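Below is one structure, written out as structure tokens; comments come after it.
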Amino acid sequence: MFYLLFLGACKQKNDPVVSLEEVDKAVIFVKDDEGKEKSWKATDPNFLKTLIGNLNVLFNKSDQHAQRYDMKLTSKQKRFNYQIKFYKNNNVVQEIQISKVNKVTIDKEEFMIGKEKENELDSLKNHLLLVAK
């Protein structure tokens with residue numbers, strides 16, 4: 047039993063982002079520094095593939111579905127709070143928050159995204175800003 051728990055913990059550390067097979071919907075929230083929130087719901091499998099791909103590249107996992115969004119973020123936009131909730135059959139399967147410029151929280155596990163991945167993080171934030179209304 048302990049061995050299975052250990053394997054599950056290792057998988058979580060190495061591959062923290064859900065796979066496309068585990069989700070059928072994502073809800074995106076973007077909250078600016080004045081507390082105004084925008085959101086968007088996505089069920090399109092191609093969008094979900096791209097979103098998961100853009101998250102995977104933050105964790106050094108290559109993903110053919112990732113797309114770059116290279117528009118320059120303002121310093122304010124970098125500080126916005128970004129949240130993604132992934133669902134399967136209307137149940138939350140994973141919650142991701144991006145805050146404090148480079149802190150990513152997946153469920154309750156925190157990751158600091160280093161300078162070497164800043165472009166990928168900004169690209170993900172741009173992706174979320176483009177769709178949130």
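In the numbering used here, the protein residues as written are 47 to 179.
In this text, a Cβ means the ideal position worked out from N, Cα and C, and glycines have one as well.
Fair warning: this is a prediction, and the values are worked out from it, not measured in the lab.
Name, in chain order, the residues that DSSP records as bridge partners for Glu155. Ile152
Where are the beta strand (DSSP E) runs, 3 residues long or more, that stay fully inside the segment 78-110, in chain order? 83-88
Would you say Val76 and Glu68 are within 8 Å of each other, going by their C-beta atoms? no
Completely contained alpha helix (DSSP H) runs for the segment 107-141, where each covers 4 or more residues: 121-125
Residues in its own chain within less than 6 Å of Phe132 by CB, not counting five upstream and five downstream? Val64, Val69, Ala72, Val139, Gln140
Could you compute how far the alpha carbon of Phe93 sits from the alpha carbon of Gln113? 10 Å
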